[in-house]
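Visitor: Each residue of the sequence shown is one higher than the last, beginning at 25 in this note's numbering.
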Amino acid sequence: MTPTDEARSLLREFPVVDGHNDLPWALREQVRYDLAARDIAVRQDAHLHTDIPRLRAGGVGAQYWSVYVRSDLPGAVPATLEQIDCVRQLIARHPADLRAALTAADMEAARAEGRIASLMGAEGGHSIDNSLGTLRGLYELGVRYMTLTHNDNNDWADSATDEPKVGGLSAFGREVVREMNRLGMLVDLSHVAATTMRAALDTTSAPVIFSHSSARAVCDHPRNIPDDVLERMPANGGMAMVTFVPKFVLQAAVDWTAAADENMRAHGLHHLDTSPEAMKIHAAFEERTPRPVATVSTVADHLDHMREVAGIDHLGIGGDYDGTAFTPDGLSDVSGYPNLLAELLRRGWSRADLAKLTWQNAVRVLGAAEDVARDLQATRAPSNATIESLDGSPA
25 MTPTDEARSL LREFPVVDGH NDLPWALREQ VRYDLAARDI AVRQDAHLHT
75 DIPRLRAGGV GAQYWSVYVR SDLPGAVPAT LEQIDCVRQL IARHPADLRA
125 ALTAADMEAA RAEGRIASLM GAEGGHSIDN SLGTLRGLYE LGVRYMTLTH
175 NDNNDWADSA TDEPKVGGLS AFGREVVREM NRLGMLVDLS HVAATTMRAA
225 LDTTSAPVIF SHSSARAVCD HPRNIPDDVL ERMPANGGMA MVTFVPKFVL
275 QAAVDWTAAA DENMRAHGLH HLDTSPEAMK IHAAFEERTP RPVATVSTVA
325 DHLDHMREVA GIDHLGIGGD YDGTAFTPDG LSDVSGYPNL LAELLRRGWS
375 RADLAKLTWQ NAVRVLGAAE DVARDLQATR APSNATIESL DGSPA
């Protein structure tokens, strides 16, 4: 049996739980949620990284759909609700393939049925507009993690890619973490500054996740996780889900990406824009300045390092498909996961290791957050604190 055949065999038993996919935002940007215009029941290779045939080919058994909205978008809360509505519409349109999942037990039930467990994660604390009541509302609508920031700071947490503002987490930011613990909503530390990572780990009573981050020791980008934080994963019980984004995993791509982003801004476009117009600008830049290419091996290097530092019980996968303009060779879309597992098998990873990486760790972490929430809800009422009461008026 070849490593690829062995990988596919394993995925039939222990499919991938992917921590982060931006399909809902791509559907907003491309077709304004006209799901018939991007019917994911059939392959959408020309438009998307993600559709049901390729999810099946990739051995995906659970997906955290990101209900992301840009941090500079006016009306973040209603836009987040639209993203949640998009996920719900997708699940309703494809009941034979997708199953809504709110709990670890739901994930296991979906696996037993041969359906893809569909969970939701909010990307960026700006989505709650400084309101713990809104946070609780998102939880009731099915959101099971929240990334504390996106690319910009918010009023209570510092981002990895912005200038420090509150020194990690403010008092209100720590209250957000505690309320997430009480709800059973996973604290996601992708995108946050290292100071924010450490402050959240100091505050949380539940496991945290990094839904789509890699190792800073392998690629020195602020979106990645420093070793001292990876070393805290065993005590916390959380997990770091490696991402595939070339500009976060390949050192040579960091400088190239900075130049490509500046080129986008020079054309009056947001550097994260993946619309057809933006992709033409990207393509022209790449023709002039060839892009450094990440590979499956590049991603495996991160996982090797992360396993050495954090341990196999604390790793997962978060590809960031449909949230990035470029992908590594061999991981061009959601059908590529068997290629990564095959590379890890060639490197000596065992079947037991890979079962933890793909399925078992993610299910365990969500279940552990549910256990913490059950205990906290017995002793702690919902918090009605405001940012003004804890931090003063936002700047």
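We treat Cβ as the ideally placed atom computed from N, Cα and C, and that holds for glycine. As the structure is a prediction and not an experimental result, all values here were calculated from the model.
By the 10 Å Cβ neighbour count, where 16 or more other Cβ atoms means buried, how is L143 classified, buried or exposed?
Guide: Buried, by the Cβ-count rule.
Visitor: Look at the alpha carbon of H236 and the alpha carbon of H174, and state the distance between them as a whole number of angstroms.
Guide: Cα to Cα, the separation comes out at about 12 Å.
Visitor: Is G360 a contact residue of the ligand MG, with contact defined as CB to any heavy atom under 7 Å?
Guide: Because no ligand of any kind appears in the structure shown, any question about the ligand MG cannot be addressed here.
Visitor: Assess, as a yes-or-no matter, whether the segment 58–71 is touched by the segment 141–155 under the definition of 3 or more beta carbon pairs within less than 8 Å.
Guide: Result no; under three Cβ-Cβ pairs closer than 8 Å.
Visitor: Could you check where the alpha helix (DSSP H) with H150 kicks off and where it finishes?
Guide: Segment: none, H150 is in no alpha helix (DSSP H) and carries neither H nor E.
Visitor: Given L156, which residues of its chain have a CB within under 6 Å of its CB, disregarding the five upstream and five downstream residues?
Guide: So the qualifying residues of the chain are E203, S407.
Visitor: Contact check, L254 vs V333 under 8 Å by CB: the rounded distance?
Guide: Indeed they touch by this definition, with Cβ atoms about 4 Å apart.
Visitor: Mind checking P102: buried by the 16 CB within 10 Å criterion, or exposed?
Guide: Flag for P102 reads exposed.
Visitor: Looking at A307 and M288, is the spacing between their C-beta atoms short of 8 Å?
Guide: Cβ distance not < 8 Å, so M288 and A307 don't count as in contact.
Visitor: Can you list the beta strand (DSSP E) stretches of 3 or more residues lying completely in the segment 205–293, in chain order?
Guide: Correct list: 210–212, 232–234, 263–266.
Visitor: By how many angstroms is the C-alpha of R94 removed from the C-alpha of A50?
Guide: Taking the straight line from one Cα to the other gives about 12 Å.
Visitor: Does the segment 354–374 touch the segment 79–95, meaning 3 or more C-beta pairs lie closer than 8 Å?
Guide: As far as the Cβ criterion goes, the segment 79–95 touches the segment 354–374, which means the pair count is three or higher.
Visitor: State whether the segment 117–129 contacts the segment 383–396, with contact taken as three or more CB pairs (one from each stretch) at a distance under 8 Å.
Guide: Contact between the segment 117–129 and the segment 383–396 is present, because at least three Cβ pairs lie under 8 Å.
Visitor: If you check the beta carbons only, do Y169 and Y88 fall under 8 Å apart?
Guide: Taking 8 Å as the Cβ cut-off, Y169 and Y88 qualify as a contacting pair.
Visitor: Cα-Cα, which of W280, H329, L293 is closest to T313?
Guide: Considering only alpha carbons, the answer is W280.
Visitor: Hey, V320 and P352: beta-carbon distance below 8 Å or not?
Guide: Cβ atoms of V320 and P352: closer than 8 Å.
Visitor: According to DSSP, is A100 helix, strand or coil?
Guide: Looking at A100 - three-state DSSP - the assignment turns out to be helix.
Visitor: Would the beta-carbon of D42 fall within 8 Å of that of G343?
Guide: Going by C-beta atoms, D42 is nearer than 8 Å to G343.
Visitor: On the DSSP bridge list, what partners appear for V93?
Guide: According to DSSP, V93 bridges with nothing at all.
Visitor: Just list the residues that DSSP pairs S142 with in beta bridges.
Guide: Answer by DSSP bridge pairing, in chain order: Q87, A124.
Visitor: Out of curiosity, what's the CA-to-CA distance linking F268 and G354?
Guide: Roughly 11 Å separates the two Cα atoms.
Visitor: Give every residue of the same chain whose Cβ lies closer than 8 Å to the Cβ of P258, excluding the five residues on either side of it in the sequence, and list them in chain order.
Guide: Same-chain partners within the cutoff: A334, G335, D337, H338.
Visitor: Based on Cα-Cα distance, which residue from M25, E30, D29, R36 lies nearest to W383?
Guide: Looking at the Cα atoms, R36 is the closest of the given residues.
Visitor: Can you list the beta strand (DSSP E) stretches of 3 or more residues lying completely in the segment 332–365, in chain order?
Guide: Listed in chain order, the complete beta strand (DSSP E) runs (minimum 3 residues) inside the segment 332–365 are 339–341.
Visitor: Determine the burial state of R135: buried for a count of at least 16 other Cβ atoms within 10 Å of its Cβ, exposed for fewer.
Guide: When all chains shown are included, R135 counts as buried.
Visitor: Do F196 and L400 have their CB atoms nearer than 8 Å?
Guide: The answer is no: Cβ separation not under 8 Å.
Visitor: Do L172 and G149 have their beta-carbon atoms positioned less than 8 Å apart in this structure?
Guide: For G149 and L172, yes; Cβs fall inside 8 Å.
Visitor: Applying the 10 Å Cβ sphere with the 16-neighbour rule, what's the burial state of G292?
Guide: So G292 ends up on the exposed side.
Visitor: Specify the secondary structure class of N385 as computed by DSSP and reduced to three states.
Guide: N385 falls in the helix class under three-state DSSP.
Visitor: Which two residues bound the contiguous beta strand (DSSP E) that contains H118?
Guide: Unbroken run through H118: none, as it is neither H nor E.
Visitor: Going by C-alpha to C-alpha distance, which of T185, E286, A116, L207 sits closest to T158?
Guide: Looking at the Cα atoms, L207 is the closest of the given residues.
Visitor: Tell me, to the nearest whole angstrom, how far the beta carbon of V422 is from that of V273; I am working on the premise that it is less than 8 Å.
Guide: Any property of residue 422 remains undetermined from this structure, which presents the chain solely from 25 to 419.
Visitor: Is the Cβ-Cβ distance between L327 and P27 less than 8 Å?
Guide: In this structure, P27 does not lie closer than 8 Å to L327 by Cβ.
Visitor: Counting only runs that start and end within the segment 154–192, where is the beta strand (DSSP E) found for 3 or more residues in a row?
Guide: Within the segment 154–192, the complete beta strand (DSSP E) runs of at least 3 residues are 167–171.
Visitor: Assuming D42 is part of the beta strand (DSSP E), what are its boundary residues?
Guide: It spans 40–45 - the beta strand (DSSP E) in which D42 sits, taken as one unbroken run.
Visitor: Return the bridge partner residues of T74 from the DSSP annotation.
Guide: Bridge partners of T74: none, in fact.
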